[in-house]
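Residue numbers (our numbering), protein chains in the order written: chain A, 1 to 212; chain B, 1 to 464.
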């Protein structure tokens, strides 16, 4: 390489910047090592977050009661799957649950939900986070009386279909022409979502002003 | 002037226009926070926000393409291969952007079926554009990659910067293919979505802008190639060394295993290092050249880029990246504060620097300076810092009152959003947003005005 007539005695020279090849080797090797590590971690993560994996329950979890409690061994809030509590009073098979989830996810994408709300904290921050929305006390405290529905899921369906009729605050959810089938699938999706182990996010959900 | 540089001027024009559209929808989105009933059920927040963030991605991408088409022939000493294809793709790109924007504005959303995903809205943040348009972007990137590689081969010449650029094209293309799937399982969906968002923005784009900055530094300050290339390799080593596993800071709360808390926390805490390196680099170069430059606006925007990248991406990111804090700060306006500052510092300032490089060559002056650019520089940076501070205030109120104390329910969210700190922060954001918009107007005016022919400033004697 032809040496250039600059920089001798400068910081560059002292840092050995005269030899880019050394740094090039460093850049290439560091990048390759990191990619290999990421590949291994991704394979393992996929095992954990696939449906039925350690952190993500099967879709038919919507047949059961779901809670969210502090786990002293893990020092964080974790979802707790309880006894039977079928959604809309009807126990579904794994295949039926999967069809509901496919539909529910399509509703969430087609209505651009994530550009107002967040899920797992990812989204647009204009509306509340939906990670544990199934467990939100507002359904029983506000919307069940407001819609006159007897169950949480029926109140959710009614709200999703006509959100502009049930405002709770100055920021309102717009009417997105969600059909009844779409609303029921979305409720199923949100119930399943609340059963995912998210390493304790969000912390203390629904526990303000209680014993803790 | 090379034909490829004429194309890059077109890309710069489109980028600056979309920069303006982004500001319009940014101001509108900010206005919903102050007047929530605005355009209710007619033109909802989600649509405005989508247009704001999508035009952000597209104008920066167009700015990068323009910058590379500008420097490619200079770097390799010959015209770019396959120019007719590149010119065709530019028009396809523009028409596609216009159609997608029109559909977003007038159709907004669809029913829950595949048709919506293909032709209306994919509803995944940053990749809302329907699939047909996504295919279009892949085609634009593929032609861009072909132009770069074919020109290198025809020129029988490779420089270090070109090697980095060519290799960076691979993830630029491959990771973008992640814009298509609609996986039902949200955890898996977001796992791969973050490859697209993080690997593009925090890795591939950082490397790309590193190449562009290296070329600009040689151009406006006459920094030697060996120094610039050594720094580029160091930057790549640190950006990818920290950034690839720094991806883990997005895997804290999406259902992924607990080890990501440690891995993501550790590596993302290292992510400011390469950005600090860029600051050292910029100061060092400015010092060795006694702040002497032939293009003062470009020089100032590069300096703003170095500092903005370090503070906005590095410090603002570090502030909220450790899981113990992120548990509460995640998904609040705190994130928005970091997002605005990081995109501004890391990319927008760099693209604006290249715009001034192009302006100097087009107008043929030996020394570019004046008064208007200083107003644009000042107003844009003041507006951005004001917005960032307002959002930080609002976000901290949300983190403390909404998340830590309130427990993130609907009531907690509402209460935090009525907190006076939140409200005043949101007002400040809008106010400084208007100042930012004023800065944009001055910037456009200055870019379009022919510069005066100024004498070179008296050179300071070099130290012995």
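Note that the Cβ used here is the ideal one computed from N, Cα and C, for glycine as well.
Secondary-structure assignment with DSSP links residue 368 of chain B through a beta bridge to B/295. Within chain B, the C-beta atoms nearer than 8 angstroms to that of residue 170 of chain A come from 36 and 37, in chain order.
When C-beta atoms of the stretch 395-412 of chain B are compared with those of the stretch 343-354 of chain B, fewer than three pairs fall below 8 angstroms, so the two segments do not count as touching.
Out of B/123, B/344 and B/104, the CA that lies nearest to the CA of residue 113 of chain A is found in B/123. Taken atom to atom, the span from the alpha-carbon of residue 42 of chain A to that of residue 249 of chain B is near 14 angstroms. Under the DSSP assignment, residue 78 of chain A falls in the beta strand (DSSP E) whose first and last residues are 76-84. In this structure, B/414 is the residue among B/414, B/2, B/377 and B/362 with its C-alpha nearest to the C-alpha of residue 170 of chain A.
Chain-ordered, the chain A residues with CB closer than 7 angstroms to the CB of residue 229 of chain B read 20. The distance from the Cβ of residue 367 of chain B to that of residue 456 of chain B is about 5 angstroms, consistent with a contact at the 8 angstroms cut-off. Counting C-beta pairs with one atom in each stretch, the stretch 32-41 of chain B and the stretch 81-93 of chain B have fewer than three that are closer than 8 angstroms, which means they do not touch.
Each residue's CA atom was taken as its position, placing residue 178 of chain A and residue 157 of chain A some 9 angstroms apart. Here residue 329 of chain B has 320 and 399 as same chain residues with Cβ atoms under 6 angstroms from its own Cβ, once five neighbours each way along the sequence are excluded. With the criterion set as a beta carbon lying under 7 angstroms from some beta carbon of chain A, the members of the stretch 104-134 of chain B are 109, 110, 111, 112, 113, 116, 117, 121, 122, 123, 124, 125 and 128, in sequence order.
In this structure, the alpha-carbon of residue 208 of chain B lies about 14 angstroms from that of residue 343 of chain B.
Sequence-distant Cβ neighbours of residue 71 of chain B in its own chain, meaning closer than 6 angstroms and more than five residues away, are 215. Shortest Cα-Cα distance from residue 206 of chain B to any of B/26, B/42 and B/60 involves B/60.
Under the three-state reduction of DSSP, residue 122 of chain A is assigned to strand. A Cβ-Cβ distance of about 6 angstroms is found for the pair residue 66 of chain A and residue 81 of chain A, placing them in contact under the 8 angstroms criterion. In the three-state reduction of the DSSP assignment, residue 405 of chain B falls in the helix class. Straight-line measurement puts the Cα of residue 4 of chain B at about 7 angstroms from the Cα of residue 79 of chain B. Taking a Cβ-Cβ threshold of 7 angstroms, none of the residues of chain A is close to residue 429 of chain B; the smallest such distance is about 12 angstroms.
Residue 70 of chain A: member of the beta strand (DSSP E) spanning 64-71, first to last residue. Interface flag for residue 40 of chain B against chain A is set, since a Cβ pair is found closer than 8 angstroms. Your pair residue 9 of chain B and residue 450 of chain B does not check out as a contact, with CB atoms roughly 15 angstroms apart and the cut at 8 angstroms.
Fewer than three pairs of CB atoms, one per stretch, sit closer than 8 angstroms, so the stretch 283-291 of chain B makes no contact with the stretch 68-76 of chain A.
Those residues of the stretch 181-209 of chain B placed with their C-beta closer than 7 angstroms to a C-beta in chain A are 182, 184, 185, 186, 187, 188, 190 and 191, ordered along the chain. Put simply, the backbone Cα of residue 111 of chain A is about 49 angstroms away from that of residue 370 of chain B. In this structure, B/197 is the residue among B/197, B/116, B/107 and B/238 with its C-alpha nearest to the C-alpha of residue 127 of chain B. DSSP places residue 65 of chain B in the uninterrupted alpha helix (DSSP H) bounded by 45-76.
Beta-bridge annotation (DSSP): residue 129 of chain A is paired with A/118. Exclusion of the five residues before and after residue 38 of chain B leaves 31 and 32 as the residues of its chain whose Cβ lies within less than 7 angstroms of its Cβ. Taking a Cβ-Cβ cut-off of 7 angstroms, the neighbours of residue 408 of chain B in chain A comprise 129, 202 and 205, given in sequence order.
Our two residues, residue 201 of chain A and residue 327 of chain B, have alpha carbons roughly 6 angstroms apart in a direct line. Of the candidates B/194, B/290, B/246 and B/191, the residue whose Cα lies closest to the Cα of residue 223 of chain B is B/290. For residue 425 of chain B, same chain residues with a beta-carbon under 6 angstroms away, outside a window of 5 residues either side, are 390, 393 and 394 in chain order. Between residue 86 of chain A and residue 196 of chain A, the C-beta gap is not smaller than 8 angstroms, which leaves the two residues out of contact.
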